[in-house]
Amino acid sequence: MRTTPRTSSPRRYLMCPPTHFTVTYSINPWMDPTKPVDLPLALAQWEDLRDRYRALGHTVELLAPDPALPDMVFAANGATVVEGRVLGAKFAHAERTAEAGAHLAWFRGNGWAADDVRAPEHVNEGEGDFAVTASWILAGRGFRSSPLSHDEAQEFFGRPVIGLELVDPRYYHLDTALCVLDDAGDEVMYYPDAFSPGSRAVLARLFPDALIATAEDAAALGLNAVSDGRNVLLPQAAVGLFEPLRRRGFEPIGMDLGELLKGGGSVKCCTQELRP
Ligand code: ARG
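Okay, so the sequence shown: first residue is -16 according to this note's numbering, each after it adds one.
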């Protein structure tokens, strides 16, 4: 039980409304094109998340949705921004390829210097596979981002990148299996079985005090969460995470993004953080 209070810091997020969200193809085990999506409900759930960030004092920037890109709502995948420098994405699947250009264009059109915005050489799906702590950038591989993108990110950001091998297709992006709770320190929560034995050992070494998620909470996509240092917005169905988060001094806030879960994403997938 932690007694010192946690403090949040104001964040800036980039989000894209699910105006054209549907599931017409399947590139992860959550996506079943035969299951209908309730679009008005998806929009309402997404608006709840956007409004919640704003109510907490955060800034939400908006990316224009494209009717040809139904997964664009998962804005976390479009780039990684650390200390104001932007490493663009390069998607593993053809269905999402064009999202990368939309993100780069947004940065170039919204005040980022050309030198600070880089189109990558190797496949990486942005914050889907890159997670930033105080000391490191954690980087997923195995399903989407190429291991070569890890070196590229290390060189571009000048921060040590720790490669982590994902082994369970349900947890195809790092942000489905691990969440950074405190990026002023090095505090995370994760689901060990999503990782190879070697990567599990690396995580145990780097984060001996991590909050370990159960299989049930991971399967509710409970690790696909966003923390501002105090408030942790997470899928409300991940009920087992609430008490452990509170004991650590965090304020868990349950969100219902059930329609977007049909695309294989939740809170974090919808949220790209623009780190100053
Ligand atoms: N349907 C999308 C895909 O499979 C979901 C992306 C979820 N985003 C995330 N950051 N995990 O690519």
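For every residue, glycine included, the Cβ atom is placed at its ideal position computed from N, Cα and C.
Out of Arg68, Ala59 and Asp54, which has the shortest C-alpha to C-alpha gap to Arg79? Position 96 of the sequence shown, counting from 1, holds the residue named residue 79. For the residues Arg68, Ala59 and Asp54, the minimum Cα distance to Arg79 belongs to Asp54.
Taking the alpha carbon of Val185 as the point to measure from, which residue in Leu(-3), Leu216 and Leu149 has its own alpha carbon closest? For the purposes of this step, residue 185 is taken as the residue at position 202 of the sequence shown. It is Leu149 whose Cα lies nearest to the Cα of Val185.
Below 7 angstroms CB to CB, which residues in the same chain sit around Tyr155 once its five sequence neighbours on both sides are set aside? Here residue 155 is taken as the residue at index 172 of the sequence shown, counted from 1. These residues qualify, in order along the chain: Asn11, Phe126, Arg127 and Leu149.
By alpha-carbon positions, which one of Arg(-11), Asp112 and Ala88 ends up nearest to Ala102? Taking the sequence shown and counting its residues from 1, one reaches residue 102 at position 119. The shortest Cα separation from Ala102 among Arg(-11), Asp112 and Ala88 belongs to Ala88.
Below 8 angstroms between beta carbons: does that hold for Pro175 and Ile145? Numbered from 1 along the sequence shown, position 192 holds the residue referred to as residue 175. Numbered from 1 along the sequence shown, position 162 holds the residue referred to as residue 145. Against a cut-off of 8 angstroms, the Cβ pair of Ile145 and Pro175 comes out as no contact.
Residue ranges of each alpha helix (DSSP H) within the region 34 to 100, 4 or longer: Complete alpha helix (DSSP H) runs here, min 4: 82 to 92.
Buried versus exposed call for Ser118 [16 or more other C-beta atoms within 10 Å across all chains shown]: Position 135 of the sequence shown holds residue 118. If you draw a 10 Å sphere on the C-beta of Ser118, you find fewer than 16 other C-beta atoms in it, and that means exposed.
If I measure Cβ to Cβ from Lys73 and keep anything under 7 angstroms in the same chain, skipping five residues before and after, which residues do I get? Here residue 73 is taken as the residue at index 90 of the sequence shown, counted from 1. Contacts found: Ala83, Pro103, His105, Val106 and Asn107.
Tell me, which residues are paired with Leu32 by DSSP? Within the sequence shown, the letter at position 49 stands for residue 32. In DSSP, Leu32 forms no bridge with anything.
Completely contained alpha helix (DSSP H) runs for the region 221 to 245, where each covers 4 or more residues: Within the region 221 to 245, the complete alpha helix (DSSP H) runs of at least 4 residues are 225 to 230 and 241 to 244.
Phe178 (DSSP reduced to helix, strand or coil): Along the sequence shown, read from residue 1 onward, the residue named residue 178 stands at position 195. Strand at Phe178.
Nearest by alpha-carbon distance to Gln137: which of Ile120, Arg124 and Ser129 is it? Along the sequence shown, one-based indexing puts residue 137 at 154. Checked all of Ile120, Arg124 and Ser129; the closest Cα to Gln137 is Ile120.
Does Pro262 come out as helix, strand or coil in the three-state DSSP assignment? With the chain running from -16 to 259 in the structure shown, residue 262 is simply not present.
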